[in-house]
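Peer 1: Below are the structure tokens for one structure; questions will follow.
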Amino acid sequence: MKAKNKLKDPFPIETLNRINLGHADGHRDNNIENVFIKTRSIDQFCLDKHSIVVGSFGSGKSTLFKLLKNKSDLIGDFENEIIVPIEEQIQFEELRKIAGQYFSGVSSRVLYQLIWKFQIVRAISSHVSSLEDFPCSKDEVQVRDFLYQIGGDVDVSLTQVMRNLLSTISFKIKAKISSTPIEIEAGKEVHQKKQTVEINLDKIISSLERSLKGREVKSALVIIDKLDKFVTHEDYKTQREFIESLLEVEDDLQSVGFIRFKIFLRSDLHDRLNLSSLGPDKVADNTLVLKWSSSEIQSFIAKRLFCALCETDAWETQQIAESIDLTETELRWYERVLATRKKEGVFYNFAILWRKLFGKKRSISLFETFDKSIISLLFEKKLKHKNSKGEEVGIDCHEFFSTHFLDGNNSCTPRQVLIFLKKLIAETAHYYTENPDLNVHTRRVSVGWGWEIFSSDLVYSSYIQAKEDYIKHVAKLDEKWTSSFNDFLTKIKNKNSFYYKWVSQNVNFPEKDMEAGFLAFLQVIGFFETIESNRDIKKRKYKIPILYKEA
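Heads up: the sequence shown begins at 265 in this note's numbering, then just goes up one per residue.
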């Protein structure tokens with residue numbers, strides 16, 4: 265289909281201030297359903313073969329969590345499942361006081377495992393108690409009694425539940441942790457208590473299993489996100505123990521067929537874990553890493569801008585479809601048959617045979633063409649870029665998005681791109697407000713007709729602003745390294761490579777022997793890109809990737 269100019273001329277500048285690109289935090293983004301991109305990683309997620317989902321900041325973990333919580337059909341069928349979200353942040357300071365007062369003889373790892381199992385059983389029980397006609401069996405009466413014993417209000421924090429229990433009664437809590445039976449009697453001055461209550465978590469799990477089976481519920485899917493906030497401000501040892509304990513409980517509960525998990529974990533926290541007790545190979549097989557390809561990132565950009573501009577009435581789908589050249593991607597007769605007819609009958613089978621014998625493979629899909637066209641009609645074809653010599657040169661807009669948002673782990677996330685897009689919209693709106701006499705008229709572009717409203721200068725300025733935000737985010741990522749990282753930034757100037765000796769001689773640290781940990785931290789979060797690898801971190805060489813490099 266040849267392109268015809270059907271776009272509004274000039275571009276309706278007043279719509280820029282009304283553009284809503286959504287929220288960078290998936291939990292707060294109310295636009296997810298409309299702009300969802302089904303990446304290759306998400307296709308793997310939908311196969312439901314992994315319990316642990318790992319991704320860097322802004323890779324889409326919270327988006328998947330929210331879609332699961334809402335039982336969205338975008339990522340699967342949850343008709344016969346109950347979704348049990350666990351979002352509470354543990355108050356570690358309060359937990360330490362409780363542990364010292366009531367669990368002084370229990371190791372921190374066993375205590376954390378017990379807490380996780382208790383919290384999971386409590387959350388599932390609370391969810392089951394909200395089902396229709398509860399309690400409707402002896403098993404559900406046991407679940408009700410358990411909730412009554414511990415204080416069934418799910419809005420009460422876990423530490424408050426434990427303190428209320430321990431300060432009023434003596435109780436025995438029984439559970440199997442990593443196949444080892446554990447029995448702990450707790451309560452202040454246990455022997456003086458008149459009432460002792462026994463809580464057997466495994467019996468409650470059995471009651472829950474029979475309850476759900478009786479209700480024809482296939483499983484309880486426990487979803488856990490924001491683990492980084494669970495352990496914020498804690499030392500690495502506590503972070504590791506708490507998260508490793510959760511993974512050990514998840515592994516332990518795999519034998520319970522009706523409890524399934526989706527645990528969303530930040531990649532830098534995952535990389536610090538010691539998984540030897542679980543078996544690293546087994547954990548790796550159960551782990552999905554969220555990644556975005558360059559074409560998927562461009563789809564994200566195109567879809568966000570497309571939907572946002574549709575909502576402001578800047579354009580309509582039909583106008584765009586007629587204004588771009590889709591000659592190379594028009595559906596062939598057999599493709600139309602395969603797309604529209606029932607998957608049966610003589611004509612359908614003939615279309616399959618024709619495609620097999622004579623069908624030409626497309627070099628690019630219709631959707632990929634459409635995505636690239638959206639970018640081409642909005643962005644100037646050549647964008648400003650500094651080469652390795654520091655010279656300003658032009659770079660194709662699609663190549664710009666494929667290369668300029670990669671961190672040191674060769675990873676790009678939607679959040680990084682969204683931060684940039686919001687800067688770009690604000691910068692563009694401000695520019696045309698300051699220059700009201702300027703109009704943006706339609707023009708011939710590589711894909712047909714467009715405006716190229718996002719000029720090279722506006723893109724470059726917005727990219728610089730976004731970089732500043734990215735670096736500020738790194739500085740706040742872990743307060744252990746904040747002062748040293750800020751000092752590092754003042755020393756790097758135009759330096760191109762970094763190594764242990766230079767960091768040791770030039771960067772100030774609050775304590776001795778922190779240099780190797782600092783380098784490892786910057787490498788894991790993607791601020792450093794390894795250019796010379798070595799098993800000994802003191803012999804590695806790094807550079808700053810384009811995402812963080814001074815432009």
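From the three backbone atoms N, C-alpha and C, an ideal C-beta is built for every residue, glycine too.
(1) By the DSSP assignment, the beta strand (DSSP E) with Ala484 in it spans what residues?
(2) Does any heavy atom of the ligand NAP sit closer than 8 angstroms to the C-beta of Phe356?
(3) From Asp671 to Arg568, what distance separates their C-alpha atoms?
(4) Leaving out five residues on either side along the sequence, give the residues of the same chain with a beta carbon under 7 angstroms from the beta carbon of Leu375.
(5) Taking its Cβ as the centre, do 16 or more other Cβ atoms sit within 10 Å of Lys776, making it buried, or is it exposed?
(6) My guess is that Glu814 and Tyr806 are in contact by the Cβ rule of under 8 angstroms, so how many angstroms apart are they, rounded?
(7) Between which two residues does the alpha helix (DSSP H) harbouring Ser720 extend?
(8) Can you give me the Cβ contacts of Gly290 inside the same chain, cut-off strictly under 6 angstroms, excluding the 5 residues immediately before and after it?
(9) Which of the three DSSP states is assigned to Leu783 in this structure?
(10) Where does Lys755 fall in DSSP's three states?
(11) At which residues does the beta strand (DSSP E) containing Tyr806 begin and terminate?
(12) Determine the contact status of Val553 and Val318, defining contact as a CB-CB distance below 9 angstroms.
(13) Could you check if Ala730 is buried or exposed, using at least 16 other CB atoms within 10 Å of its CB as the buried criterion?
(14) How many angstroms separate the CA atom of Leu753 from the CA atom of Val771?
(15) Any idea which residues DSSP pairs Asn651 with across the strands?
(16) Using three-state DSSP, classify Lys361 as helix, strand or coil.
(17) Can you check whether the CB of Thr667 is closer than 9 angstroms to the CB of Ser558?
(18) Give me, in chain order, the residues of the same chain whose beta-carbon lies closer than 6 angstroms to that of Ile523; leave out the 5 immediate sequence neighbours on both sides.
(19) Could you work out which residue in Pro445, Ser541, Ser401 is closest to Arg474 when comparing CA atoms only?
(20) Which whole-angstrom value is the C-beta distance of Leu722 and Thr697, which I expect to be below 8 angstroms?
(21) Just mark Asp635 as buried or exposed, buried being the case when its beta carbon has 16 or more other beta carbons within 10 Å.
(22) Does DSSP put Trp745 in a helix, in a strand, or in coil?
(23) Helix, strand or coil for Glu508, going by three-state DSSP, please let me know.
(24) Taking Pro680 as the reference, give the member of Ile316, Gly286, Asn298, Phe321 with the closest Cα.
(25) In whole angstroms, give me the CA-to-CA distance for Val657 and Ser640.
(26) In the DSSP assignment, find the unbroken alpha helix (DSSP H) run with Gly478 in it and report its ends.
(27) Where in the region 326-403 do unbroken runs of the beta strand (DSSP E), each at least 3 residues long, occur, reported from the N-terminal end onward?
(28) May I ask you to list the residues that DSSP assigns as paired with Lys438?
(29) Over what stretch of residues does the alpha helix (DSSP H) that includes Val681 continue unbroken?
(30) With a CB to CB cut of under 8 angstroms and the five nearest residues on each side skipped, what residues in its chain are close to Lys740?
(31) Nearest by alpha-carbon distance to Phe718: which of Lys650, Arg427, Val405, Ile638 is it?
(32) Using only the alpha-carbon positions, how far apart do Pro274 and Pro700 sit?
Peer 2: In terms of the structure at hand:
(1) For Ala484, the enclosing beta strand (DSSP E) covers residues 483-488.
(2) Among the ligands in the structure shown, none appear at all, so the ligand NAP cannot be discussed.
(3) In this model, Asp671 and Arg568 are separated by some 22 angstroms (Cα to Cα).
(4) Excluding sequence neighbours, Leu375 sits near Ala363, Phe367.
(5) Lys776 comes out exposed.
(6) The pair is not a contact, with the Cβ atoms about 16 angstroms apart (cut-off 8 angstroms).
(7) 720-741 is the extent of the alpha helix (DSSP H) around Ser720.
(8) Its chain contains Ser326, Thr327, Lys330 as the residues whose beta carbon lies nearer than 6 angstroms to that of Gly290, once the 5 sequence neighbours on both sides are disregarded; these appear in chain order.
(9) Reduced to three states, the DSSP call for Leu783 is helix.
(10) In the structure shown, Lys755 sits in a helix (DSSP, three-state: H, G or I).
(11) Taken as a continuous stretch (DSSP letters only), the beta strand (DSSP E) holding Tyr806 covers 805-807.
(12) Yes.
(13) Under this definition Ala730 is a buried residue.
(14) Going by the C-alpha atoms only, they are around 9 angstroms apart.
(15) In DSSP, Asn651 forms no bridge with anything.
(16) Secondary structure at Lys361: helix, using DSSP grouped into helix, strand and coil.
(17) Note that the C-beta distance between Ser558 and Thr667 is below 9 angstroms.
(18) Residues Ala484, Leu517 of the same chain have their beta carbon placed closer than 6 angstroms to that of Ile523, with the five preceding and five following residues left out of the count.
(19) Closest by C-alpha distance to Arg474, out of Pro445, Ser541, Ser401, is Ser401.
(20) No, Leu722 and Thr697 are not in contact; Cβ-Cβ is about 13 angstroms, not under 8 angstroms.
(21) Per the 10 Å Cβ criterion, buried.
(22) Trp745 falls in the coil class under three-state DSSP.
(23) Per DSSP, reduced to three states, the secondary structure at Glu508 is helical.
(24) A quick correction: the sequence has Gln, not Pro, at residue 680. Nearest to Gln680 by C-alpha distance, out of Ile316, Gly286, Asn298, Phe321, is Phe321.
(25) So the two alpha carbons sit approximately 19 angstroms from each other.
(26) Where Gly478 is concerned, the enclosing alpha helix (DSSP H) stretches over 465-478.
(27) DSSP runs (the beta strand (DSSP E)) wholly in the region 326-403: 345-350.
(28) Lys438 is bridged by DSSP to Glu447, Asn464.
(29) Segment 678-698, the alpha helix (DSSP H) holding Val681.
(30) So the list reads Thr746, once near-sequence residues are dropped.
(31) Among Lys650, Arg427, Val405, Ile638, the Cα nearest to that of Phe718 belongs to Ile638.
(32) Going from the Cα of Pro274 to the Cα of Pro700 covers about 13 angstroms.
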